[in-house]
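Numbers 934 to 1310, taken from this note's numbering, label the letters of the sequence shown in order.
Virtual Cβ for every residue (Gly too), placed ideally from N, Cα, C.
Only a predicted model underlies this, so the values are computations on that prediction, with no experimental measurement involved.
Structure, as structure tokens:
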Amino acid sequence: MMRLSGICLLLALLTGCSAKPMWPTTSNNPAPVLAHPDFAATLEREDIGRSSGFRIAIMGDQRALADGEFQALAREIARREDTLAGVPPLVAIIDSGDIVENGKYADQFAMLAEILTPLRHWPWLVAAGNHELDNSIDPQARTNFVQFMGEVPGPFFAPRRLWYRKNIPGARILFLDSNDWVYGPSDDQSVHNTDQLAWLSAQMAEDFDGRTIVVMHHPILSSSKKHRGMALRMWKIQWSDDLLAEMFLNGGVDLVVVGHTHSYERYRLTDPEGRSLQLVNISGRPRPGFLWFGAGPRRAKDIRGQEMEYFARLGWPPEQLAGWTIEQLEAMSDEDTEANQWGELTVGPEGRFDLEMFYLVDHGEGGIRSGGVTAID
């Protein structure tokens, strides 16, 4: 049975958002196990090797758009695959989190499984978002999430260990649980999950000559007003005196995929040694707003040409920014151009590494449009 809370109904009426279908607030049955193919078996079936190339679809924060746009996005990804020929195979769907409204309700995962039906032919790999973990409040949410993901993440995936790695010939993908770093009681480094940071440090120390992708829910940079404090907290996370950004660059990370803010933007981050990576926030779109709710505070800002001054003004420590360059490459800052989106990563046999963005037209009623192809360099 589905029911609307009074607050949700009030916000729906005030903002003009659709009030249905809402996520169920029940646990009549255990969370189902996701019935998507095994990742390793998919690579074997597609005969993926270093000389073949592959594609990965990436999305995030679709739980807020489950009144139709999440469903439309899933259908459009599947429809696009049915029409393609002569391109590297799609081997996985990657999600940067917030897959349900509140993971403590097991029946929400049953609704999610139904939404994902058009994508059932591909492995679905998730970095835990705050909504499926109930902001780390109710431990049942973590249990439900692990139950739903089944064996897809791997044998060590557990309620208190939601980080994992997937290997593809020529690439590795590291999935992190950023909730451990955002929802602790303070900025004190001692309260953060050091087991995960130690694991990440070991991964970054490994000699690896392929592409490296990191997927986590919370960004380390965000231009939106609503989420800048959380992004600053993520920026400050350290291990052995290295910021997360420094750890990523030390380990040769090419791309960091994040979400949470409900507004697309993309950055290039370059350290004092000239090493760089790209950060892409693929997180749907903000819903219509009312007062302090909705789109306004979530919307990305166009800060191109003033990035360093902007983040310094918002509290990013000057000593940590010294020598760095932050370049905002894209931002979905105009309400007239806001659209739900997904990305498609192509890793080619010749070392090519591209990102193509796709946007729903008319909230899923008018097909899709391409935002163009960008090289990840």
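Apart from the 5 residues on each side of it in sequence, residue 1062 sits with its Cβ closer than 6 angstroms to the Cβ of 1030, 1031 and 1150 in its chain, given in chain order.
Residue 1179 has no beta-bridge partner at all, per DSSP.
Restricting attention to beta strand (DSSP E) runs no shorter than 3 residues, the region 1043-1129 encloses them at 1057-1059, 1097-1101 and 1104-1108, ordered along the chain. For residue 1297, the three-state secondary structure derived from DSSP is helix.
Residues of the same chain with a CB within less than 6 angstroms of the CB of residue 1051, apart from the 5 flanking positions on each side, are 1007, 1008 and 1011 in chain order. The beta carbons of residue 1249 and residue 1204 sit no closer together than 7 angstroms. The Cβ atoms of residue 1077 and residue 1245 do not sit closer than 7 angstroms to each other. Under the Cβ criterion (8 angstroms, minimum of three pairs), the region 1107-1114 counts as touching the region 1137-1156. For residue 1275, the uninterrupted beta strand (DSSP E) run begins and ends at 1274-1280, by DSSP.
Residue nearest to residue 1296 within the set 1126, 1005 and 1208 is 1005 (criterion: CA-CA distance). Here the C-alpha atom of residue 1037 lies approximately 27 angstroms from the C-alpha atom of residue 1099. Under the DSSP assignment, residue 1028 falls in the beta strand (DSSP E) whose first and last residues are 1023-1028. Residues of the same chain with a CB within less than 6 angstroms of the CB of residue 994, apart from the 5 flanking positions on each side, are 1031, 1192, 1195, 1216 and 1217 in chain order. In the DSSP annotation of this structure, residue 995 is not part of any alpha helix (DSSP H), being labelled neither H nor E. Taking the Cβ atoms as the reference, residue 1199 lies roughly 7 angstroms from residue 1212, within the contact range of under 8 angstroms.
Here the alpha carbons of residue 1138 and residue 1201 stand approximately 22 angstroms from one another.
Inter-residue distance for residue 971 and residue 991 is about 17 angstroms (C-alpha atoms, whole angstroms). Distances from the CA of residue 1093 to each of 1236, 1126, 1064 and 967 were compared; the closest alpha carbon is that of 1126. Between residue 1028 and the set 1073, 979, 981 and 1059, the nearest pair of CA atoms involves 1059. By alpha-carbon distance to residue 1068, the top candidate from 1220, 1270, 1116 and 1197 is 1116.
Put simply, the backbone Cα of residue 1153 is about 13 angstroms away from that of residue 1253.
When the Cα atoms are used, residue 1160 and residue 1231 turn out to be separated by approximately 7 angstroms. With contacts defined by Cβ atoms closer than 7 angstroms, residue 1264 and residue 1235 form a contacting pair. In the three-state DSSP reduction, residue 1290 falls in the strand class (E or B). In the DSSP assignment, residue 1039 falls outside any alpha helix (DSSP H) and carries neither an H nor an E. DSSP assignment within the region 1193-1256 yields the following whole beta strand (DSSP E) runs of 3 residues or more, N-terminal first: 1198-1203 and 1209-1214. One alpha carbon belongs to residue 1310, the other to residue 961, and they sit about 48 angstroms apart. Residue 1139: not part of any alpha helix (DSSP H); DSSP gives it neither H nor E.
Selection 1219, 1239, 1183 and 1101 evaluated against residue 1207 yields 1183 as nearest (Cα-Cα).
Assignment of residue 985 by DSSP, reduced to helix, strand and coil, places it in the coil class. Annotated three-state conformation of residue 1262 is strand, per DSSP.
Taken through DSSP and simplified to helix, strand or coil, residue 1285 comes out as coil. Boundaries around residue 976 are those of the alpha helix (DSSP H), 972-978, since no beta strand (DSSP E) includes it. In this structure, residue 1075 lies away from residue 1280, with their beta-carbon atoms at least 7 angstroms apart.
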